[in-house]
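Chemist:
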Amino acid sequence: MPHHPLSPGELKPTVQALPRTDDTSALAAEVQRLRVDVERLGRAERLQRALFAISDLASSDQDAATVLHGLHEIVGRLMYAENFYIVRYSPETDTMRFIYFADSLDPIKPDPTEELPASQMGNSLTLALIRHGRPVLGPSDDVRRALNVPRDETLGPDSEDWLGVPMVDEGVVRGAVVVQSYDPETRYSEDDRALLGYVAQHILTALARRDAQEELERRVDERTRELRQQIAERERSERLQAALFRIAEQAGRSESIEVFYAEVHGIVSALLDARNFFIALLTDDGRELDFPYSVDERDQKRPRRRLAKGLTEYVLASGQPLLADRDGIHDLVAEGKVQSFGTPSVCWLGVPLQIGGQPVGVIAVQSYTPDYLYTKRDQELLSFVSFHIAQALERRQANESLRLAYAELEQRVASRTSELADANRELLDQISVRERMEHKLKHEAMHDTLTGLPNRSHLLGRMGMALSRYRYDPTQLFAVLFLDLDRFKVVNDSVGHLVGDELLKEAARRIGRCVRDPDMVARLGGDEFAIVLDFIHTADDAVAVADRVISSLAEPMRIAGKELYTSASIGIALVDGRYRSPEELLRDADVAMYRAKATGRQRYALFDEHLHEAALKLLELEGDLRRALQRQEFEPHYQPIISLADGGLVGFEALMRWHHPVRGLSAPGDFIGIAEETGSLEHMDWQVYELVCRDTKRLSARNAYITLNVSPRHLRAPDFESRLLEMMARHAVKPAHLRLEVTEGALLEQPEQVQACLGRLREAGVLTLLDDFGTGYSSLSYLHRFPLHGLKIDRSFVAELRSGESGGSTAIVRAIRLLADSLGLEVIAEGIETEEQRYQLRLLGLSLGQGYLFSRPASASEILARYGMSDGGTA
Ligand code: C2E
Ligand code: MG
Ligand code: MG
């Protein structure tokens with residue numbers, strides 16, 4: 001509340017007993033005094049009511065225009081206010097904005113969204129009032145003279161009476177409210193001036209409150225958007241992980257190379273538009289191009305050809321991916337670099353297939369219509385996939401030549417029994433065509449009626465009814481639950497669609513068993529379901545259902561002889577007065593579901609409270625971090641890196657901890673995201689690095705190295721390496737005793753600069769490891785470009801290792817090791833928690849690792865005590 005020069009109480013009359021007197025003139029005076037009092041009382045009451053109305057308006061959820069209009073009406077009840085405007089002034093930018101403007105004579109209405117610089121408003125009476133800082137009243141001519149403003153015809157007609165009051169907050173003018181009259185009969189009094197004074201202060205408070213609310217909502221929206229993006233990003237890399245996994249698996253499994261190619265095509269189709277896709281391979285003599293696999297909407301056949309000047313040959317020769325649209329292709333043709341073959345495409349994307357650094361072929365996708373154009377992102381994906389396909393091909397090649405010999409033999413036998421076989425084959429073909437058709441029809445029909453549940457529009461209709469019922473009677477609460485099966489896509493990809501469909505049906509049945517009769521369960525598409533819960537009393541009722549659904553879906557499902565696991569994340573939105581449409585409710589439930597997923601799947605989240613709270617907590621955390629930085633509360637803990645064979649100590653990873661005087665220790669997961677966003681992370685890092693350097697002398701006693709986690713921004717700072725080297729020199733830290741851990745993301749931005757920076761550090765003796773390998777992907781195909789010493793396999797892969805040859809992430813870890821071997825990189829496995837994992841990793845040929853199995857991260861003194869290292873530096 002701003003401070004008022006007067007309080008409304010002072011306008012109240014003082015009630016006194018009537019004096020006993022015979023003096024009539026005294027009595028008359030008394031009566032007169034009372035009448036004045038009564039009038040004041042009336043005014044005070046009206047003012048009081050107006051102030052309440054203003055604060056009601058401010059906290060209502062009506063839009064800005066309605067609120068401003070409401071303010072005008074309230075002032076109109078207190079005084080003549082046909083001509084009325086509100087202007088806001090920002091001293092920070094010295095600009096003003098006419099947020100509301102009503103005038104019976106002035107034909108020009110200022111734009112309420114336009115910030116007008118004071119420098120261009122020299123003759124404005126309103127600006128003069130703002131500068132003056134106190135109320136003014138009188139004919140506009142007089143006021144102008146008093147405030148020393150020249151007359152300016154363009155700024156509206158002159159008024160008979162002009163009453164302007166500044167809006168002041170803690171001594172700073174933040175705007176003004178003005179009423180004026182063009183009628184000589186209607187003038188303003190000193191009382192009006194006092195009234196408008198109060199009203200102005202309340203208007204300011206009301207506007208400020210709305211601003212704060214809007215700001216909060218904006219931040220919540222922003223966070224929500226970011227969350228969605230993060231999830232999309234994560235899902236994308238999950239899909240890629242699944243693809244990688246399938247390539248690695250298929251390579252060893254497919255019956256024939258044709259089947260393998262078809263599988264690869266299927267995998268690529270899941271990642272990008274691959275309606276037109278081919279694989280081209282150089283023949284053994286290197287003179288011809290063979291197209292062992294090609295699926296195309298236009299060019300049915302892609303015959304083998306002598307090397308010519310096609311786009312494929314261009315990619316083959318350059319060894320680089322090519323992404324070209326029609327203009328790009330045209331340019332290449334014009335420059336004589338290529339000749340076009342086949343149907344011209346609107347967009348063409350090809351990447352080389354390389355074995356042992358030698359180009360052996362090309363994978364390409366193309367689009368003949370402008371509705372799908374490939375992006376750099378697609379190029380990265382395809383490059384990434386090609387790398388793995390090439391590896392799989394290499395492994396197959398040896399087996400394949402043997403298989404070909406057998407096939408040839410079979411072929412000969414087959415041709416001997418030709419006639420009979422031909423007849424038979426024809427019959428078989430017919431049968432299989434019919435079967436395939438039937439299958440397809442059945443499949444489509446099954447998709448339509450897969451679960452027999454209502455669909456989205458049905459659901460929205462039902463929610464619409466519930467919403468109108470609630471509007472009519474707000475005790476008729478209802479809620480909507482948005483449900484998404486966690487990792488369904490991964491399951492579906494690995495076990496096939498038919499089993500996936502069965503899983504969806506079973507999930508639908510189980511969800512149905514968790515609700516009562518009038519409630520509705522609907523399938524929104526894919527693995528998304530929604531539930532409308534009618535007639536509930538509190539949010540707890542919805543939570544109880546969510547709990548039931550989650551535990552019911554957590555039970556394993558037996559489908560087609562397989563034991564399948566799925567789980568659900570649920571977002572809950574409870575109806576309230578804000579909702580105008582069922583779509584809004586569903587959207588909020590969706591947002592809450594994303595939140596549930598982001599906080600770790602198989603759980604539910606309620607919309608609103610949590611999201612609002614999260615936004616508020618975030619603001620608090622920002623402040624806390626700044627203070628913590630000043631008080632130097634960040635310190636390193638250390639986790640040993642171990643030789644898997646004999647448990648010997650190899651090094652330590654330094655991990656940041658926040659030592660809060662009250663809350664104690666917390667790990668980066670709780671604060672690093674926001675620290676990165678607000679730009680404090682670099683400073684925090686340097687605080688930690690200093691302490692690491694101080695500890696290094698003792699920790700490296702047995703020649704162990706220490707790794708520093710380097711956030712991406714450092715690598716973009718031009719002085720990072722010099723600052724690091726200077727710090728090391730100051731603490732006499734040997735370069736061999738310090739290593740850096742960077743993430744794939746950090747390599748991606750400005751790769752040239754990062755490459756140079758890491759290169760110079762390597763020359764100085766400081767090696768770099770790639771952290772969390774496998775969680776990102778984009779830079780994978782450029783991996784060899786960076787001067788890296790090793791990879792750290794992300795702990796999610798270690799966690800998913802299963803015993804036995806295949807299953808889980810075994811294939812991926814094997815692929816990563818092969819990749820690292822071929823690039824001469826060392827590999828460290830992160831997050832080893834069990835003996836079994838250590839055993840599996842050793843089987844896969846890994847020799848270094850870290851994890852809780854060996855040691856949790858601990859403070860320098862604990863570590864020193866455990867390893868018996870002393871200040872002296874000898875073991
Ligand atoms: P990271 O570099 O991948 O570090 C490994 C994380 O896994 C650490 O989490 C570690 O405590 C945890 N961990 C180690 N062994 C196991 C295990 O067996 N099981 C499980 N579940 N977890 C294990 P922490 O300390 O919470 O750090 C998280 C991330 O924060 C780090 O991931 C790193 O990216 C970042 N970070 C840590 N310290 C710093 C720092 O000083 N500067 C910067 N910029 N980032 C840091
Ligand atoms: Mg690390
Ligand atoms: Mg890591």
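Take the sequence shown: its letter number 160 is residue 160 in the UniProt record's numbering, and every next letter is one higher. All C-beta atoms, glycine included, are put in the ideal place defined by N, C-alpha and C.
1. Give every residue of the same chain whose Cβ lies closer than 6 Å to the Cβ of A81, excluding the five residues on either side of it in the sequence, and list them in chain order.
2. Any heavy atom of ligand 4 within a distance shorter than 7 Å of the CB on N709?
3. Can you tell me whether E741 sits near ligand 2, meaning its C-beta is under 7 Å from at least one heavy atom of the ligand?
4. According to DSSP, which residues form a beta bridge with Q639?
5. Using C-beta distances below 6 Å, list every residue in its chain close to T696, excluding the 5 sequence neighbours before and after it, in chain order.
6. Ligand 2 heavy atoms versus the CB of D771: any closer than 7 Å?
7. Spell out the partners DSSP gives R97 in its beta bridges.
8. In its own chain, which residues sit with a C-beta less than 8 Å from the C-beta of L51, not counting the 5 before and 5 after it?
9. Would you identify the three-state DSSP class for N123, choosing helix, strand or coil?
10. Return yes when the C-beta of R866 is under 7 Å from any heavy atom of ligand 1, and no when it is not.
11. Between which residues of its own chain and L88 is the CB-CB distance below 6 Å, once the five residues before and five after are set aside?
12. When you compare each of V360, R785, A815 and L477 to I793 by their alpha carbons, which one comes out closest?
13. Tell me I793's beta-bridge partners as DSSP assigns them.
14. Specify whether the segment 634-642 and the segment 671-691 touch according to this definition: at least 3 beta carbon pairs, one from each stretch, less than 8 Å apart.
15. Taking buried to mean at least 16 other C-beta atoms within 10 Å of its own C-beta, is G571 buried or exposed?
16. To the nearest whole angstrom, what separates the beta carbons of T768 and P787, a pair I think is in contact under 8 Å?
17. Between the C-alpha atoms of Q755 and G790, what's the straight-line distance to the nearest angstrom?
18. Note down the Cα distance separating G42 from L207, rounded to an integer number of angstroms.
19. Can you say whether N709 is buried or exposed, counting buried as having 16 or more other CB atoms within 10 angstroms of its CB?
20. Looking only at its chain, what residues have a beta carbon closer than 8 Å to the beta carbon of L373, apart from the 5 residues adjacent to it on each side?
21. In the segment 227-307, which residue ranges form an unbroken alpha helix (DSSP H) of at least 4 residues, counting only runs that do not cross its ends?
22. Identify whether K734 lies in helix, strand or coil by the three-state DSSP scheme.
23. For F482, name the three-state secondary structure that DSSP assigns.
24. Using DSSP with H/G/I as helix, E/B as strand and the rest coil, what is C757?
25. Distance, Cα to Cα, G464 vs D576?
26. Could you check whether the Cβ of G664 sits closer than 7 Å to any heavy atom belonging to ligand 1?
27. Let me confirm a value: K376 is counted as buried when at least 16 other C-beta atoms fall within 10 Å, else exposed. Which label applies?
28. Give me the Cα-Cα distance between S861 and L644, rounded to the nearest whole angstrom.
29. Is there contact here, the segment 819-833 with the segment 625-632, by at least three beta-carbon pairs under 8 Å?
30. Excluding sequence positions up to five away, which residues of its chain have a Cβ less than 6 Å from the Cβ of E502?
31. DSSP three-state call for C347: helix, strand or coil?
32. What distance in whole Å lies between the Cβ atoms of A829 and L846, which are believed to be in contact at a cut-off of 8 Å?
33. Would the C-beta of G600 count as close to ligand 1, meaning under 7 Å from any of its heavy atoms?
34. On the three-pair Cβ rule with 8 Å, is the segment 597-608 touching the segment 650-669?
35. For the segment 161-191, list the beta strand (DSSP E) runs that are entirely contained and at least 3 residues long, ordered along the chain.
36. Tell me which same chain residues have a C-beta within less than 7 Å of the C-beta of T451, skipping the five on either side of it?
Modeler: Let me lay it out:
1. Once the five neighbours on either side are set aside, the close Cβ partners of A81 are V75 and V179.
2. You won't find ligand 4 in this model; what it holds is ligand 1, ligand 2 and ligand 3.
3. yes
4. E653
5. I706, V733 and H737
6. yes
7. R88
8. P8, Y198, V199 and H202
9. coil
10. No, ligand 1 has no heavy atom inside 7 Å of this Cβ.
11. Note on residue identity: the sequence assigns Arg, not Leu, to residue 88. R97, I99 and G175.
12. A815
13. F773 and A829
14. yes
15. buried
16. In this structure T768 is in contact with P787, their Cβ atoms being roughly 7 Å apart against a cut-off of 8 Å.
17. 15 Å
18. 27 Å
19. The residue in question, N709, is buried, as its Cβ has 16 or more Cβ neighbours within 10 Å.
20. D325, V346, C347 and S367
21. 257-271
22. coil
23. strand
24. DSSP places C757 in helix when its eight states are reduced to three.
25. 13 Å
26. no
27. Taking every protein chain shown into account, the CB of K376 has fewer than 16 other CB atoms within 10 angstroms, so this residue is exposed.
28. 25 Å
29. no
30. I559
31. strand
32. 5 Å
33. Set against 7 Å, the gap from the CB of G600 to the closest heavy atom of ligand 1 is not smaller.
34. no
35. Complete beta strand (DSSP E) runs here, min 3: 161-169 and 172-181.
36. Apart from sequence neighbours up to five positions away, the residues of its chain that approach T451 with a beta-carbon distance below 7 Å are L504, K505, A508 and R523, ordered along the chain.
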